[in-house]
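To start, the structure itself, in structure tokens.
Numbering (our numbering), first residue to last: 166 to 433.
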């Protein structure tokens, strides 16, 4: 059985406590009150409540840390070297349509004196499936109590790829069609399930061989980057060299197909 550190225990406890009322809401999803944050981008009462709970629990455990959440934005802390990055429900559209594929995801970012940063701890939790993906820098990646690793497939033609697609009000529709066209001719299958956080986790667990998406946000990718790298995978940008933590474009894959898939996407 894997033993989580005190830091990971704090994070896992926070997401589990956040999940309890969320599961009750999910069971009554048809009665949820929703409001529009933008075209096709819904905020549910559960979403806001979940982030409030995460904020309170994480800040109580580490009072000085900064906080970046999808709903409340950036909250500066007295400790300038650490920041929580949180998405209270990644896959909100799935959630409000009663699809059991969504996650609570938390990453801890640590800043160096030169201003560079890295994700040093991560949890992504699917409460419906009771699957807790977690990792700490240099200590491997785990699903519940068992260690996980990326898939070992070496041939792109045998690979299953996860991706995301823009919806109403989002940019990048034409590029997404080009990506799907280019990649679809070379792989065994492409899936779009609606939660980037779980897409990363599934790459880490070897369920997907790779995941790519453009136009994400920091809270979509923070935890997933560490999960994949600690599981032996690679996470980079797609077209240009840069920091995938900003979410603008990201490719996560097992090392044996990463280069081939990146070339396909660059040519799309």
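Ideal Cβ positions, reconstructed from N, Cα and C, are used throughout, including at glycine.
Spanning the alpha carbons of residue 412 and residue 189 requires a straight line of approximately 31 angstroms. When 192, 181, 368, 416 are compared, the shortest CA-CA separation from residue 261 is found for 192. In this structure, the alpha-carbon of residue 333 lies about 15 angstroms from that of residue 340.
Fully contained in the stretch 206-274 are the following alpha helix (DSSP H) runs of length 4 or more, in chain order: 210-226, 257-261. Apart from the 5 residues on each side of it in sequence, residue 385 sits with its Cβ closer than 7 angstroms to the Cβ of 252, 255, 361, 362, 412 in its chain, given in chain order.
For a cut-off of 8 angstroms, the C-beta gap from residue 391 to residue 287 is around 4 angstroms, short enough to register as a contact. By the neighbour-count criterion, in which 16 or more other beta carbons inside 10 Å mark a residue as buried, residue 366 falls on the buried side. Within the same chain, and ignoring the five residues on either side of residue 380 in sequence, the residues whose Cβ sits closer than 6 angstroms to its Cβ are 337. Between the stretch 300-319 and the stretch 408-424, the count of C-beta pairs closer than 8 angstroms reaches three or more; the two stretches touch.
According to the DSSP assignment, residue 389 belongs to no beta strand (DSSP E) but to the alpha helix (DSSP H) extending over 383-395. Just measuring C-alpha positions, the residue of 407, 376, 368, 403 sitting nearest residue 397 is 368. A contact is defined here as three or more CB-CB pairs under 8 angstroms, and the stretch 322-333 fails this definition with respect to the stretch 295-304. Residues of the same chain with a CB within less than 6 angstroms of the CB of residue 270, apart from the 5 flanking positions on each side, are 252, 255, 289, 362, 388 in chain order. Of all C-beta pairs linking the stretch 347-357 to the stretch 320-328, three or more are shorter than 8 angstroms, placing the two stretches in contact. Residue state for residue 405 is assigned as coil, using DSSP reduced to three classes. Counting along the chain, residue 342 sits inside the alpha helix (DSSP H) bounded by residues 338-349. Residue 353 sits in coil when the DSSP states are folded into three classes, being neither helix nor strand.
Contact check for residue 215 against residue 183 passes: the beta carbons are separated by less than 8 angstroms.
Across the structure, residue 274 and residue 246 are spaced so that their CA atoms are roughly 8 angstroms apart.
The three-state secondary structure of residue 322, taken from DSSP, is helix. With 16 or more other CB atoms across the displayed protein chains lying within 10 angstroms of its CB, residue 423 is buried. Judged by beta-carbon spacing, residue 427 lies within the 8 angstroms limit of residue 401, meaning their Cβ atoms are closer than that value.
Sorting 409, 425, 186, 342 by C-alpha distance to the C-alpha of residue 394 places 409 at the top. The closest CA to that of residue 283, considering only 344, 248, 213, 176, is found on 248.
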